[in-house]
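Participant:
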Amino acid sequence: MGRNQVELLVLYHDIQSMLLDAKQEEDCMGFTMEGEEKLKEAMQEVERKIETRYLRTFERLKTRYSHPIVPVQDGTCLGCFSRLPTSYNERGRNEQEVFTCENCGRLLYWVA
Ligand SMILES: [Zn+2]
0 MGRNQVELLV LYHDIQSMLL DAKQEEDCMG FTMEGEEKLK EAMQEVERKI ETRYLRTFER
60 LKTRYSHPIV PVQDGTCLGC FSRLPTSYNE RGRNEQEVFT CENCGRLLYW VA
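Numbering that gives the first Met the number 0 numbers the first residue of the sequence shown as 0 and each following residue consecutively.
#1: Mind checking residue 91: buried by the 16 CB within 10 Å criterion, or exposed?
#2: Pull up the distance between the alpha-carbon of residue 19 and that of residue 11, whole angstroms please.
#3: Going by the DSSP bridge assignment, what does residue 70 pair with across the sheet?
#4: Who are the near neighbours of residue 96 in its chain, counting only those whose CB is closer than 8 Å to its CB and skipping five residues on each side?
#5: Answer with buried or exposed for residue 80, where buried requires no fewer than 16 other C-beta atoms within 10 angstroms of its C-beta.
#6: Hey, would you say the C-beta of residue 102 is under 8 Å away from at least one heavy atom of ligand 1?
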């Protein structure tokens with residue numbers, strides 16, 4: 000069993016943020032080119048495992064939000080703080096892998 004799509008998307012976003020940091024740090028010699036290459040490799044590997052439709056959603060959201068994928072706490076989207084529908088409960092989550100917030104459209108992952 001591989002990781003699920005949501006985990007991969009979180010990972011993908013993490014590596015992308017690290018790459019951005021690396022680019023900024025490069026100017027002050029804090030980060031090596033080698034390190035950047037490693038991050039790019041990791042990012043491409045994750046990218047290959049994510050379904051194209053989710054990648055598209057993610058890329059689209061990224062143009063709007065700095066955090067395109069956000070946690071859910073107590074049934075609330077932590078991106079816009081609106082309540083999520085009750086169909087986003089545990090049972091619903093067994094049937095569907097990836098959810099987006101109906102209000103802000105961000106991808107969601109559950110804290111617990
Ligand atoms: Zn939201």
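We treat Cβ as the ideally placed atom computed from N, Cα and C, and that holds for glycine.
Facilitator: Result, derived from the coordinates:
#1: Mapped onto the sequence shown, residue 91 falls at position 92. Per the 10 Å Cβ criterion, exposed.
#2: Here residue 19 refers to the residue found at position 20 when the sequence shown is read from its first residue. Here residue 11 refers to the residue found at position 12 when the sequence shown is read from its first residue. Between residue 19 and residue 11, the C-alpha separation is close to 12 Å.
#3: Along the sequence shown, one-based indexing puts residue 70 at 71. The partner list for residue 70 (beta bridge, DSSP) reads 108.
#4: Along the sequence shown, one-based indexing puts residue 96 at 97. Counting only Cβ-Cβ distances below 8 Å, and skipping sequence neighbours, we find 3, 4, 5.
#5: Here residue 80 corresponds to residue number 81 of the sequence shown, with the count starting at 1. Result: exposed.
#6: Within the sequence shown, residue 102 is the residue found at index 103, counting from 1. Checking the Cβ of residue 102 against ligand 1 gives yes.
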